[in-house]
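*Asks:* Just so we're aligned, residue 5 is where the sequence shown starts under this note's numbering, counting upward by one. In this text, a Cβ means the ideal position worked out from N, Cα and C, and glycines have one as well.
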Amino acid sequence: MRDEPIGEQLLETARNVLREEILPALPPERKHAALMIANAMIIAMRQLKNGEDGERRELRSLQSLLGHAGRDEPAGGAELRRQLTDLDREFAHAIRSGRGDAGVWRDAARQHLLETIRAKVMESNPKYLGEPGR
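#1: Going by the CB atoms, is the gap between residue 83 and residue 120 shorter than 8 Å?
#2: How many angstroms separate the CA atom of residue 72 from the CA atom of residue 16?
#3: Quick check on residue 65: buried or exposed, where buried means 16 or more other Cβ atoms within 10 Å of its Cβ?
#4: Please determine, among 81, 107, 59, the residue with the shortest C-alpha to C-alpha distance to residue 92.
#5: Confirm, please, whether the CB-CB distance from residue 69 to residue 112 is below 8 Å.
#6: Are the CB atoms of residue 45 and residue 6 nearer to each other than 8 Å?
#7: What is the DSSP secondary structure of residue 31, reduced to helix, strand or coil?
#8: For residue 98 and residue 107, which I take to be in contact (beta-carbon distance under 8 Å), what is that distance rounded to the nearest angstrom?
#9: Pick from 53, 94, 51: whose alpha carbon is nearest that of residue 67?
#10: Would you mind reading off the limits of the alpha helix (DSSP H) that contains residue 57?
#11: What number of angstroms, rounded off, separates the C-alpha of residue 54 from the C-alpha of residue 88?
#12: Hey, residue 127 and residue 47 are a contact pair by Cβ (cut 8 Å); roughly how many whole angstroms apart?
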């Protein structure tokens, strides 16, 4: 178990200091860069909070869609991202080859894309979806 403050809390504190103390003191030409840093920090906070849950859901969805259901899930980290990259390539190839032009597979692929994009936007810009964000 980690002692407090944990990573998410540290990022939140640093972001608050940046926005409340440093940003107001910056010259106008530097404020945009500071706001980009603050936004990157909140995205990192959301990713820390969510862990690998979204990536694991995406992996299971792609495995099911591409006929690989039942495969062992990777422990996480780099192996999880590698498998996702491989399945994303296979998914793109299936779409390019016409598999998604019609039928049940097309509907399942569309649902996968909607859920995946929604999860990514929830981390990067939840206000866009009408969700509360910081």
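*Replies:* In short, the structure shows the following:
#1: no
#2: In this structure, the CA atom of residue 72 is about 39 Å from the CA atom of residue 16.
#3: buried
#4: 59
#5: yes
#6: Taking 8 Å as the cut-off, the beta carbon of residue 45 is found no closer than this to the beta carbon of residue 6.
#7: coil
#8: The pair is not a contact, with the Cβ atoms about 12 Å apart (cut-off 8 Å).
#9: 94
#10: 57-69
#11: 17 Å
#12: Approximately 6 Å separates the beta-carbon atoms of residue 127 and residue 47; this is inside 8 Å, confirming the contact.
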